[in-house]
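Protein sequences, first through last, are from chains S and D.
Heads up, the first sequence is in my numbering, so the first residue is 1 and it goes up one at a time.
Heads up, the second sequence is in my numbering, so the first residue is 506 and it goes up one at a time.
Even for Gly, the Cβ is constructed at its ideal location relative to N, Cα and C.
In what follows, a single structure is set out as structure tokens and then discussed.
There are 2 protein chains.
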Amino acid sequence: MQLKVQPIQIRAGRYKVVVNTGDAKELGILAGDRVQLRDHSYLTAIVEVGDMIPPGNVGVYQECCEKLGKVCPLTIDLVPTSRPDSVGFIRKFMDRQKLTQEEIYHIIQDMVRDNLTEIEMSAFVTSSYINGMTPDEVEWLTRAMIDTGEKIEFDTHPIMDKHSIGGVPGNKISLLVVPIVAANGLLIPKTSSRAITGAAGTADLMEVLAPVEFTAEEIKDITERVGGVITWGGATNIAPADDKLIRAEYPLSIDPRSQLLASIMAKKGAVGADNVVIDIPTGIGTKVPTMEDGKKLARELIELGERLGMRVECAMTYGASPVGRTVGPALEVREALKVLETMQGPNSLIEKSTGLAGILLEMGGAAVKDRGKELAMETLRSGKALKKLKEIIEAQGGNPDVTHTDIKPGEHKAELPAPADGYVIEFHNKRIVEIARLAGAPTDPGAGVWIHKKKGEIVKKGEPLITIFAEKSWKLTSALKSAETDYPLIVEGMLLEHIRSIRII
Amino acid sequence: MQLKVQPIQIRAGRYKVVVNTGDAKELGILAGDRVQLRDHSYLTAIVEVGDMIPPGNVGVYQECCEKLGKVCPLTIDLVPTSRPDSVGFIRKFMDRQKLTQEEIYHIIQDMVRDNLTEIEMSAFVTSSYINGMTPDEVEWLTRAMIDTGEKIEFDTHPIMDKHSIGGVPGNKISLLVVPIVAANGLLIPKTSSRAITGAAGTADLMEVLAPVEFTAEEIKDITERVGGVITWGGATNIAPADDKLIRAEYPLSIDPRSQLLASIMAKKGAVGADNVVIDIPTGIGTKVPTMEDGKKLARELIELGERLGMRVECAMTYGASPVGRTVGPALEVREALKVLETMQGPNSLIEKSTGLAGILLEMGGAAVKDRGKELAMETLRSGKALKKLKEIIEAQGGNPDVTHTDIKPGEHKAELPAPADGYVIEFHNKRIVEIARLAGAPTDPGAGVWIHKKKGEIVKKGEPLITIFAEKSWKLTSALKSAETDYPLIVEGMLLEHIRSIRII
């Protein structure tokens, strides 16, 4: 059917057109069906049906216009066509039939090319969540995610990498782990994420010190030059399917296990990692509530690594309290820098960072068995880690002369005082993150929470439990109001039993 | 956040706004989150994020503009708000936790109010498909679908109704069943559907004879006046959730059992039906392949009816071949009218129609047990059914003087000849429907297929198997090409065993 083109100045996120109800009936198509747009070129688009487009016209969203040529054509021929094969494969997956490697590849490829509608995407992630995937399917999903994106191929090996499952606030350890590992001659091209629902992702932290948006080629260059990078994965085209999956999962608050595994390992596989350490924070309020859950996840990650030719080791870490005493970009960077500069800082941060770095040093052959942590600690103490971080900052275009005192939190601050004498008997990670976010984190880097008292610590009435920092006073007000309404820490006058802080790693 | 309004002249199907990426970050919201629009009134809208809207602006789709007032305001305050509770209930449902009646009501209410995104809708129907629903949940779903729409309350009872599960082409029996039942003094307010993937729904058929779009109030009036109606349910606000569910299910080609049951029974419940007969076409190529499946479905429908206070009886009918010999609006109406006028016509049509009408006559007390079919046949033979149909046609605004010879199929036609002597050993319902649709059905009422030979019938080489009718010659060409490429009937020179046509009902 030849239709007059009405360009729509809106990006639909997909190749999409709008057809008048009458014309759609005539063409025998409904919303969600596909049509081929035929001009001098061909393009398959998703159909919307509506009466805002007059009969004889077709509304063409911006992506289609751009794809069709510099100027949107005046008229276009519309021919109904079948849905992509991958929609059939998703249906098969809904029916709990095992998918082949090729079928999974097609689904992921169509996802990356924006060929699937939101309804189809949601059906896939919902089915993944309910039905799960076999180990074969998870492997194929991971391979498809790697192969539909950019890959980095290093000439030198081994390549080291590190990932945290997340769920624990203040987890700034990459700022220490990456320079410790790189300072010992190993290559560690760390791509990381920005916070989606958290207060600060590793990319948000590093951005306080240097730019984090680099292409795959640049990541390779910098890593080869200085031994490591800390960049934002989203700036590359590495495993682009991951972002598409997250966009469908986030609105449903789900994180299907198969996609959790594939997402982590695809990003490691795409940078050519040989040895990977994965931090699994465990405990109430984290993504992995019990040790048993953690061990199961570790086994799955190790097995998936084997299938992909990567050596994976997992560290179960204490996650029921924040790492260190700061949450939010600037505060966390300040705390990490201070440790690098002075070895002064929270034990939880130093122990965890050197523990994980030590595992990598052993895996990469820089330390002998059981001596990795010692070497990591020595690298930190000697200032070599700080020197390496400065090299990385400089290579990424930041100021290498920065010191922790240069990093200023937001100028607006407020304290939350203890309502009584006693011990902190409950500490709610999620509330701390909510308060930091209300204060502006991660968008305002100066926003965050300084934690004075952690679980099991003693406090006197009126002493501050936390200090909230913000760049904007109205955000401070909102964060403080939330904190006062629902305390993130619970203090009781008397503890029946003194719960000693649990040793980290 | 106060933002400048940019009206978007597009209907989004929901209350939706577009926020610039930077502003969204500042507000801490992502695509699919909700915001409150605050002007002099409040409105909750779904967020899209994109860079086509400049910072400081908000793109406001048409539905929002209309809801906010006659003229879209110049600026509006945007405040992030939580997702509707029903999104949490959908998540609970994904986790296979049993939903309460109130939770199901909330989901359906938000669906009807267009408060759910496509991702959320798809997660609900996908979960329904994979996890199923308990009988309690199906009952509550049905009640919610009834209560979130319009209801008809008749002063006289009993109210009769009829439904077919569908999946068999040429199923024009409502054109006979409704007048037979109404001619015997019973009320039958039949709302029906248009074909979505079929060649002609009952509403498409009736529209050849009279208008079919009436409000619930008009349906009540006409039924009380002449005993029956045959209207398009989509014109009313009866069980509006059904249409929303179908829009999410169609793109995935799924029809979850729970929604199949609820959809049928909600429409019957909303018109206050006391006695319902349900036609379950069974056999290869139908929605219900085996007798066992059919019996299971029948039990579920009867049980759901009991829960809702409706008496339901089911008729398992032969569905592997079309009913009668015509498929497509005009052809089917012509065939049905001819039977009403002359009692001349295919046995499959007469037997099935009087069989189902007979069940209703017995249920409604118009006939004694086991004599319903006889009375139905007598009503047909005596011309009372024809007289009643004419009354209904007139009451709906059509021409009551119409005869079957007035109904003309499309002027373009072509025959598909038998390639050899022999019996028809295979007959593909789905191919017949595809060919009828390619010829233009149901949009072009004159388009369709006349079936000369059915399964088990003998044919000589060169004799026509089917005749294809179309209103437009290019559609005829396309349908004929498809038919020739992949024959809908298979003729073999010899049958190993003569399969006698199975007796209907």
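Identify which residue in Ala704(D), Pro663(D), Asp911(D) and Leu757(D) has its Cα closest to the Cα of Met868(D).
With distances taken between Cα atoms, Met868(D) lies closest to Pro663(D).
Answer with yes or no whether the minimum CB distance from Arg1008(D) to chain S is below 8 Å.
Confidence at Arg1008(D) is low in this model, with a pLDDT of 49, below 50, so its placement is unreliable and the value that follows should be read with caution. No - not a single Cβ of chain S is within 8 Å of the one on Arg1008(D).
Is Met821(D) closer than 8 Å to Gly774(D) when the C-beta atoms are compared?
No, Cβ-Cβ distance for Gly774(D) and Met821(D) is not below 8 Å.
Taking a contact to mean a Cβ-Cβ separation below 8 Å, would you say Leu252(S) touches Ala628(D) in this structure?
Yes.
May I have the straight-line CA-CA distance separating Lys390(S) from Val402(S), to the nearest angstrom?
Answer to the nearest angstrom: the Cα atoms are 8 Å apart.
Helix, strand or coil for Asp161(S) per DSSP?
The answer is strand: DSSP assigns Asp161(S) an E or B state.
So, is Met145(S) buried or exposed, given that buried needs 16 or more other C-beta atoms within 10 angstroms?
Buried, by the Cβ-count rule.
Mind checking the segment 1-16 of chain S against chain D and listing, in chain order, the residues whose C-beta falls within less than 7 Å of any C-beta there?
Hits within the stretch, in order: Ile8, Gln9, Ile10 and Arg11.
Show which residues of chain D have a CB atom less than 7 Å away from the CB atom of Ser193(S).
Correct list: empty, because the minimum Cβ distance to chain D is about 14 Å.
Which same chain residues end up closer than 6 Å to Pro950(D) when comparing Cβ atoms and leaving out the 5 residues on each side of it in sequence?
Counting only Cβ-Cβ distances below 6 Å, and skipping sequence neighbours, we find Val713, Pro834 and Ala835.
Using the beta-carbon of each residue, which ones in chain S are nearer than 8 Å to Ile624(D)?
The answer, in chain order, is Glu118, Ile119, Met121, Ser122, Ala248, Pro251 and Leu252.
Quick one: any contact between the segment 585-594 of chain D and the segment 613-621 of chain D, if contact means 3 or more CB pairs under 8 Å?
Touching, per the Cβ criterion.
Mind checking the segment 342-366 of chain S against chain C and listing, in chain order, the residues whose C-beta falls within less than 7 Å of any C-beta there?
No chain C appears in the structure shown, which is made up of the protein chains S and D.
What is the C-beta distance between Ile165(S) and Pro281(S), in whole angstroms, given that I count them as a contact (C-beta under 8 Å)?
With 8 Å as the limit, Ile165(S) and Pro281(S) qualify as a contact, their Cβ atoms being about 6 Å apart.
Between the C-alpha atoms of Gln541(D) and Arg14(S), what's the straight-line distance to the nearest angstrom?
Going by the C-alpha atoms only, they are around 26 Å apart.
For Gly228(S), list the residues DSSP reports as bridge partners.
Answer is Ile188(S), bridged to Gly228(S).
Measuring only the C-alpha atoms, how far is Thr148(S) from Ser546(D)?
Whole-angstrom Cα-Cα distance: 47 Å.
Go through its chain and collect everything with a Cβ distance to Val168(S)'s Cβ below 7 Å, but skip five positions before and after it.
Contacts found: Pro281, Thr286, Gly319, Pro322, Val323 and Asn429.
For Ile188(S) versus Asp161(S), is the C-beta distance shorter than 8 Å?
The answer is yes: Cβ separation under 8 Å.
Flag this pair as touching only if the segment 915-927 of chain D and the segment 713-723 of chain D have three or more C-beta atom pairs under 8 Å; answer yes or no.
Because the criterion of three Cβ pairs below 8 Å is not met, the segment 915-927 of chain D and the segment 713-723 of chain D do not touch.
Quick check on DSSP: helix, strand or coil for Pro585(D)?
Reduced to three states, the DSSP call for Pro585(D) is strand.
To be precise: take each residue of the segment 630-652 of chain D, compare its Cβ to all Cβ atoms of chain S, and keep it if any distance is under 9 Å. Which residues remain?
Here the close residues are Val630, Thr631, Ser632, Tyr634, Ile635 and Asn636.
Can you confirm whether Thr526(D), when its beta carbon is compared against all beta carbons of chain S, has any partner nearer than 8 Å?
Answer no: the Cβ-Cβ gap between Thr526(D) and chain S never drops below 8 Å.
Along the segment 481-495 of chain S, what residues have a CB closer than 7 Å to any CB found in chain D?
Of all residues in the segment 481-495 of chain S, none has a Cβ within less than 7 Å of some Cβ in chain D.
Going along the chain, which residues of its own chain have a beta-carbon closer than 8 Å to the beta-carbon of Glu492(S), five neighbours each way excluded?
Result list for Glu492(S): Ala420, Gly422, Tyr423 and Ile425, in chain order.
Using only the alpha-carbon positions, how far apart do Arg804(D) and Leu691(D) sit?
Their backbone Cα atoms lie some 26 Å apart in a straight line.
Distance check for Gly860(D) and Gly777(D), CA to CA, integer angstroms please.
Using only the alpha carbons, I get a separation of about 23 Å.
Tell me whether Gly564(D) is buried or exposed, calling it buried when 16 or more other Cβ atoms sit within 10 Å of its Cβ.
Counting Cβ neighbours within 10 Å, Gly564(D) comes out buried, since at least 16 surround it.
Are Leu1062(D) and Leu854(D) close, meaning C-beta to C-beta below 8 Å?
Absent from the model: residue 1062(D). The displayed extent of chain D is 506 to 1010, so no value can be given.
For Gly358(S), which residues from the same chain have a beta carbon less than 6 Å from its beta carbon, with the 5 sequence-adjacent residues on both sides left out?
Taken in chain order, the residues that qualify are Gly372, Lys373 and Ala376.
Using a Cβ-Cβ cut-off of 8 Å, state whether Ala241(S) counts as contacting chain D.
It does not; no Cβ of chain D falls within 8 Å.
Which residues of the segment 528-544 of chain D have a Cβ closer than 7 Å to any Cβ of chain S? Give them in chain order.
Residues Lys530, Glu531, Gly533, Leu535, Ala536 and Gly537.
Under 8 Å between C-beta atoms, does Arg936(D) make it to chain S?
Cβ-Cβ to chain S under 8 Å: no for Arg936(D).
Give me the residue from Pro585(D), Val832(D), Val584(D) and Leu765(D) with the minimum Cα distance to Gly953(D).
Considering only alpha carbons, the answer is Val832(D).
So what's Arg543(D) in DSSP terms, helix, strand or just coil?
Strand.
If we call anything under 8 Å between Cβ atoms a contact, is Val256(S) one with Val125(S)?
Just to set this straight, residue 256(S) is Pro in the shown sequence, not Val. In this structure, Val125(S) lies closer than 8 Å to Pro256(S) by Cβ.
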